[in-house]
Structures are given as C-alpha cells and as structure tokens.
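Encoded as structure tokens, the structure appears first; notes follow it.
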Amino acid sequence: MNNEFFEALASMEKEKGIPAGYLAEKIQAAIIVAVKKEYGGRDVVFCDVDPENRFFRVYVRKEVVEEVEDVYAQILPADAAKYDRSAKVGDFVEIELDTMQFGRIVAQTAKHVIRQGIREAERGQTLQEFQSRNRELVTATVQRIDPKTGNATLLIGHSEAVLPKTEQVPGEELTEGSHIKVYIVDVREADKGPKAMISRTHPGLVKRLFEMEVPEIFDGTIEIKAVSREAGSRTKLAVWSANPEVDAVGACIGQRGARVNQIVEELGGEKIDIVKYSEDPEAFISEALSPAKVLKVEIEDEGVKACRATVPDSQLSLAIGNKGQNVRLAARLTGWKIDIRPESGFYGEDEETAAAEAEEA
Numbered sequence: 012m013n014n015e016f017f018e019a020l021a022s023m024e025k026e027k028g029i030p031a032g033y034l035a036e037k038i039q040a041a042i043i044v045a046v047k048k049e050y051g052g053r054d055v056v057f058c059d060v061d062p063e064n065r066f067f068r069v070y071v072r073k074e075v076v077e078e079v080e081d082v083y084a085q086i087l088p089a090d091a092a093k094y095d096r097s098a099k100v101g102d103f104v105e106i107e108l109d110t111m112q113f114g115r116i117v118a119q120t121a122k123h124v125i126r127q128g129i130r131e132a133e134r135g136q137t138l139q140e141f142q143s144r145n146r147e148l149v150t151a152t153v154q155r156i157d158p159k160t161g162n163a164t165l166l167i168g169h170s171e172a173v174l175p176k177t178e179q180v181p182g183e184e185l186t187e188g189s190h191i192k193v194y195i196v197d198v199r200e201a202d203k204g205p206k207a208m209i210s211r212t213h214p215g216l217v218k219r220l221f222e223m224e225v226p227e228i229f230d231g232t233i234e235i236k237a238v239s240r241e242a243g244s245r246t247k248l249a250v251w252s253a254n255p256e257v258d259a260v261g262a263c264i265g266q267r268g269a270r271v272n273q274i275v276e277e278l279g280g281e282k283i284d285i286v287k288y289s290e291d292p293e294a295f296i297s298e299a300l301s302p303a304k305v306l307k308v309e310i311e312d313e314g315v316k317a318c319r320a321t322v323p324d325s326q327l328s329l330a331i332g333n334k335g336q337n338v339r340l341a342a343r344l345t346g347w348k349i350d351i352r353p354e355s356g357f358y359g360e361d362e363e364t365a366a367a368e369a370e371e372a
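Structure below.
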C-alpha cells in the first residue's frame, strides 16, 4: 500500500508540479482530522508521512493511568504493556493504526480534504507562477480556440489563461498547438482561482521584445521612454541613452535593420517607428511625427499640453498619416495634443478631415 501511495504522490508532483512534501502535509492533516472523529475529537491522533523515505504511519498516543476516565486518551498499564513493555503510569504509549482498517467515513473525509488541499496547492502555484511573470513577456501554447467568441485558451507553464479576441492582433490567425508570445498585463485573484490578464496588443509586449532583441536596452545603456501602439498596424517607440556616444535609435534598428526586422516579423509585419526621446517637448514632438519632416513646433498651451506643428505642404499627408494614425500615435507617445498645419496654411479636404479626427483622438 505504501509503495502505491508514494508512487501516486510522485506522479502528481510530476504531472501537476505540486511538491510531494506539500501534498504530504495536507494528507497528514486530512487523516488526523478524519481519524479524530473516531476518538471523540480528542487531540490524540498523529500521522507521519515522509515521501523521501516512503514512510507512512498513523498512530494514537495515550497516557498510561491507574484508572481510565477517558477511553480515547488514556490506557491501563496492563493494556499499555501490549505496545510497550516498559510503559508505566505517567508515560505515553503510541498505538499504531492499520490504515487498511479505516472506516468508509474516515476515508471519504480524508479524500475530500486531500482534494481540497490539492486545489489550494494548484491555485497557489498558479498565482505564484503568474505573479512571478507579471508585466513580462512569456511564450504560450495555443490549446484551443472558441469558434463563437474567438477567445483562445493558452497554456503558460503548467497554468491556463484566456487570450480574449479583443486582445489579439487584428487579422492575426491563431492555430491550435502553435507557440505565441503574450504579455501578462496583470494578475488578479478571482472566485475560481488566480486569473492572468494577457494581451498581444499591449504596448508592453513591444517593449519586452526590444529588451530581448537589443542588449543595450537589457543592460540599461539604452532606455525606452515611451511606446504608443495600434496593434497589427503601427508602433512608435521613443528611446534615449545617457551615453552621448551611443546611438540609441541606430542600436534598436540594428545593422541593416536586423534587430527591428526580427521584431516586425514576430508582430506579423507591424510597422515600427523608432525615434529619439528628448526632454525638450518641441524636439520630441518633431521626432515623434517621423517619418514626416517638421519645420517647427510651437507650444500653444503648456497647461493642457497643446502645440502646433508646421510641416511642408508635401509632407502633410505623411505627417497626418492614414486616417490620422501618424499624428495620433505621436500624440500618445509624447502626451501632447498636436495640431498639424501645412506651411502654406491650406489643407486638402482629406487632410483636414484626418487632422480633425486625430486631434479629437
């Protein structure tokens, strides 16, 4: 019986990743609670479970007395001698119980407590696993996709998490069994256990990808100051280095674009603009509107962070971007409301509409 018991513990440790020692503690507590009912609820029942040495023992400890007043906790010298010949009044004897003789009620109670302990262990393990990776990039396996909602259930380590359709990159097709990178946005304790909020659209995913791909970011030589993203379409990244000899933008792009191209490929072709961060808002806003060339930036209201950027007429559409995307991302990146103006002062109808939409956004 002991071998089967400990093999089951080892198997559970391997399959579920729950330490055998933890399970042993829960099982000890479960057996004590269950067997105590057979002994009037007295604290006389003990259990030793040692997975390492495969040792399993359940026993009752009774005090040797001249006159028994509590049959559950006391025993006469003549009866005690059956278990310990040297036992005398005032001593305690340990009476081993045959685990095969446990009643059905005891067994059922123990099973219930053990299952509960395993569930608690799994929840605690899941919470710890997710919390250790909070705000981090992880590789997950797509287990299944709900045909109605489009939500994907992913396996992260030993735990499952749901990637909602709203957090998937538009146009991206996930397939069961494939490996994808996701960003753990937050970890929350819910009624049914720990819940990881994961995303493929969060700007943090791009930030972590650059940390993995660019050693200078990982070691702190280059700092990512801000990220703005419209997943599946375009991302703007502002980088800076305290070392004047380090070209922060160039390092992130890599030789012949090798580094940034690796990330673009991971994101399914999403365009990435890498710009130089500056403490000077005018310089930063000008950089943020890249790839458009900006003639000048005028601060209109520092309180609400509103400015006007003037660009050559030929650069107007580029500065605004398709449906206002470029100026919208630049505004999010810098935290400033940006009013794009052509050098001549005259808009085309399409540009005026896009600029208005971007300013509202």
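Each residue of the sequence shown is one higher than the one before, counting from 12 in this note's numbering. Even glycine gets a Cβ: it sits at the ideal position worked out from N, Cα and C.
Beta-carbon separation (whole angstroms), residue i vs residue j, contact threshold 8 Å
i	j	result
Ile351	Ala330	5 Å
Glu183	Gln336	Glu183 to Gln336, Cβ: 18 Å. No contact.
Leu344	Ala172	Between Ala172 and Leu344 the Cβ distance is about 29 Å, and since that is not below 8 Å, they are no contact.
Arg53	Tyr83	5 Å
Ile233	Ser252	5 Å
Gly243	Gly268	Rounded, the Cβ-Cβ distance is 20 Å, inconsistent with contact.
Gln154	Leu166	5 Å
Top-ranked residue by Cα proximity to residue i, from the options
i	options	result
Tyr70	Val76, Asp157, Val79, Val60	Val60
Phe17	Leu34, Glu256, Lys282, Arg65	Arg65
Cys318	Asp324, Ile296, Thr150, Lys218	Ile296
Arg146	Gly261, Asp95, Leu220	Leu220
Arg211	Gly261, Val257, Glu222, Leu148	Leu148
Pro158	Thr345, Leu327, Pro175	Pro175
Tyr288	Asp102, Glu105, Gly346, Glu26	Gly346
Pro30	Ala132, Gln119, Arg144	Ala132
Gln142	Leu306, Gly32, Ile209, Met223	Ile209
Arg130	Val338, Gly161, Val56, Lys37	Lys37
Ser239	Lys218, Arg96, Gly32	Lys218
Glu164	Asp291, Ile191, Pro181	Note that residue 164 is Thr in the sequence shown here, rather than Glu. When only C-alpha atoms are compared, the closest one is Ile191.
Asp291	Lys25, Lys316, Val196	Lys316
Thr177	His213, Val198, Thr152	His213
Asp197	Arg144, Val338, Asp109	Arg144
Glu4	Ile195, Lys348, Ile106	This structure does not reach residue 4, given that the chain is present from 12 up to 372, and the question cannot be answered.
Gln273	Arg245, Val225, Arg126, Ala299	Val225
Asp109	Asn14, Phe67, Arg126, Pro181	Phe67
His123	Pro255, Asn14, Val338, Ala45	Ala45
Ile195	Ala151, Pro181, Glu222	Ala151
Ala299	Ala342, Lys334, Gln266, Glu277	Ala342
For residue i: DSSP bridge partner residues
i	result
Ser252	Ile233
Ile285	Leu248
Ala207	Val198
Gln85	Glu74
Asp61	Phe66
Ile191	Ala151
Arg240	Thr246
Val173	Thr164
Cys318	Ile310, Ile349
Val104	Lys73
Val56	Val71
Ile156	Ala163
Residues near residue i in its chain [Cβ-Cβ closer than 7 Å; skip 5 each side]
i	result
Ile285	Leu248, Val250, Val260, Cys263, Ile264, Val271
Ser301	Asp284, Val286
Leu306	Thr321, Val322, Pro323, Glu354
Gln374	Within the shown structure, residues of the chain are numbered from 12 to 372, placing residue 374 beyond reach of any answer.
Met23	Ile29, Leu34
Ile156	Ala163, Leu185, Glu187
Phe357	none
Leu340	Ser239, Glu241, Arg245, Lys247
Thr160	Lys176
Gly332	Val338
Asn254	Thr232
Tyr50	Val56, Val71, Tyr83
6 Å CB neighbourhood of residue i in its chain, flanking five on each side removed
i	result
Glu293	Val308
Cys58	Gln39, Ile42, Ile43, Val69
Gly28	His169
Lys386	What the structure shows of the chain is the stretch from 12 to 372, and residue 386 is not part of that stretch, so it cannot be assessed.
Glu105	Tyr70, Arg72
Ser97	none
Ala303	Val322, Gln326, Leu329, Ala330
Gly215	Tyr194
Neighbourhood of residue i by C-beta, 8 Å cutoff - its chain only, sequence neighbours within 5 removed
i	result
Pro353	Thr321, Val322, Pro323, Asp324, Leu327, Glu362
Glu77	Leu87, Pro88, Val100
Ala35	Leu20, Val60, Asp61, Pro62
Val275	Glu281, Lys282, Ile283
Met223	Leu148, Phe229
Ala91	Lys73, Val75, Ala98, Asp102, Val104
heavy atom of the ligand MN below 6 Å from residue i C-beta
i	result
Arg245	With respect to the ligand MN, the structure shown offers nothing to examine, as it has no ligands at all.
task: Pair every Cβ in the stretch 227-239 with every Cβ in the stretch 185-192, then say whether three or more of these pairs are closer than 8 Å.
output: No contact exists between the stretch 227-239 and the stretch 185-192.
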